[in-house]
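This report refers to the structure that appears directly beneath it.
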Amino acid sequence: YRIRYADLHRVNEICQEAFWGCTGLQEVQLGALEKVGKYAFSGCSHLRQVTFPSSLNRLGTGAFADNRRLQAASFPRDSLLRELRSDTFRGCQSLSEICFPGRLKVIGSRAFYKCQNLERMELPLTLKTIEAEAFYACGLRELELPEGLLEIKEGAFRKCRSLEYVYLPDTLKKMGKWVFHGCSSLKVVEINHDLEEIGEWITNKNCTIRCPKGSRMEAYARGYGMNVEYI
C-alpha cells in the first residue's frame with residue numbers, strides 16, 4: 002500500500018487489520034479515538050511516531066507490532082487506557098521513547114518484545130501486573146519498578162542484556178521464573194521484603210541479591226548459588 006498520511010481526526014474506532022501492512026504509511030493523526038482493533042497498524046514499517054488521544058480505552062492485540070522504524074509512542078497521563086494487550090509494540094526495534102498512560106494497570110505478554118532501543122522508561126504508580134516476556138530482550142539499563150506493582154510473570158525481563166540494576170517495590174507479591182534470567186550484565190537486584198511466591202532462577206548466578214539478613218529471600222539466593230548483600 003502507498004498511503005503515506007492518514008488523517009483520522011473524525012474516526013472513533015479503527016477496525017482489526019485496517020492498516021495492516023501499509024508499508025508506505027509515515028504519519029497518522031488521531032482525534033477522539035476510542036478503540037483500535039487487533040493488528041490495526043501492524044507491519045507499517047515506515048511509521049515513526051504515534052500520539053494517542055486521552056479518549057482511547059481499548060488497544061487491540063498487536064496493534065502496532067513489527068513497526069521496525071517506530072521511534073516514539075506517547076499516551077497522555079489522563080488516558081482512559083488501562084491495559085496494553087499482548088504484542089502491542091512487539092518487534093518495534095527502534096522504539097526508544099514511551100510515555101505510558103497514567104492509569105495503566107496491566108502490561109500484556111510480549112507487549113515490548115525485542116524493543117532493543119528501549120533503554121529507559123517510567124512506569125505509572127497504577128501498574129499492577131507485568132505479564133510474561135513483556136520486555137523480553139529490551140535495551141533497558143536500570144529498572145526501578147513502581148510501588149503498587151503486585152506481580153511480574155515468567156520471563157518478563159528475560160535477556161535484557163544491557164540491564165545492570167533492578168529495584169523491586171515493597172508491594173510486589175509474586176514473581177515468576179526466569180524474570181531476569183539471561184540479563185548477562187545484571188549486577189544487583191534489590192528487594193527489601195519476602196515474596197508470597199517466587200519462581201526458579203529469577204536471575205543468573207553472577208547477579209547479587211541485595212536483601213535483609215536472615216530473610217527468605219536470602220535463603221532463596223543462596224540456594225541458587227547467587228551472591229548476597231545485606232540491606
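If you're matching positions, the sequence shown starts at 2 in this note's numbering and goes up one per residue. We put the CB at the ideal spot given by N, CA and C, even for glycine. What you are looking at is a predicted structure, and each value in this text was computed from that prediction instead of being measured.
Item, Value
"Taking only three categories from DSSP, how would you classify LEU222?", "For the sequence presented, residue 222 should be read as Ala rather than Leu. In this structure, ALA222 counts as helix in the three-state DSSP scheme."
"I need the straight-line Cα distance from GLY44 to ASN118, nearest angstrom please.", "18 Å"
"What residues in its chain sit with their C-beta under 7 Å from that of ARG49, if we drop five residues either side in the sequence?", "GLN27, ARG70, LEU71 and GLN72"
"Please list, in chain order, all residues of the same chain as HIS47 whose beta carbon is under 7 Å from its beta carbon, the five residues on each side excluded.", "THR24, GLY25, LEU26, GLN27 and ARG70"
"Which residues in the same chain have their Cβ closer than 7 Å to the Cβ of LEU124, if we skip the five residues on either side of it in sequence?", "PHE101, LEU146 and PRO147"
"What does DSSP give as the partner residue(s) for CYS139 in the beta ladder?", "None, per the DSSP bridge assignment."
"Looking at the unbroken beta strand (DSSP E) that takes in LEU31, where does it start and where does it end?", "28–31"
"Which residue or residues does DSSP assign as beta-bridge partners of ALA74?", "VAL51 and ILE99"
"With the cut-off set at 9 Å, would you say ALA133 and CYS161 are in Cβ contact?", "no"
"If you check the beta carbons only, do LEU144 and TYR166 fall under 9 Å apart?", "yes"
"Out of LEU141, GLU152 and PHE53, which one is the CA nearest neighbour of GLY177?", "GLU152"
"State the Cα-Cα distance for the pair HIS194 and SER216, rounded to the nearest angstrom.", "8 Å"
"Confirm, please, whether the CB-CB distance from THR89 to PHE113 is below 9 Å.", "yes"
"Can you list, in chain order, the residues of its chain whose CB lies under 6 Å from that of ALA19, leaving out five sequence neighbours each side?", "ALA41"
"Based on Cα-Cα distance, which residue from LYS214, MET218, HIS182 and ILE192 lies nearest to ASN207?", "HIS182"
"So ALA255 is in the beta strand (DSSP E); what residue range does that whole segment cover?", "In the structure as shown, the chain starts at 2 and stops at 232, and residue 255 therefore has no counterpart that could be examined."
"DSSP three-state label for ARG217, please.", "helix"
"Our contact map puts SER87 next to PHE53 with C-beta atoms below 8 Å; I'd like the distance itself, whole angstroms only.", "With a Cβ gap of about 18 Å, SER87 and PHE53 do not count as contacting."
"May I ask which residues mark the beginning and end of the beta strand (DSSP E) holding TYR114?", "No beta strand (DSSP E) holds TYR114; DSSP gives it neither H nor E."
"Excluding five sequence neighbours on each side, which residues of the same chain lie with their C-beta closer than 8 Å to the C-beta of LEU82?", "PHE53, LEU57, ASN58, ARG59, LEU60, PHE76, PRO102, ARG104 and LEU105"
"According to DSSP, is TYR168 part of a helix, a strand, or is it coil?", "strand"
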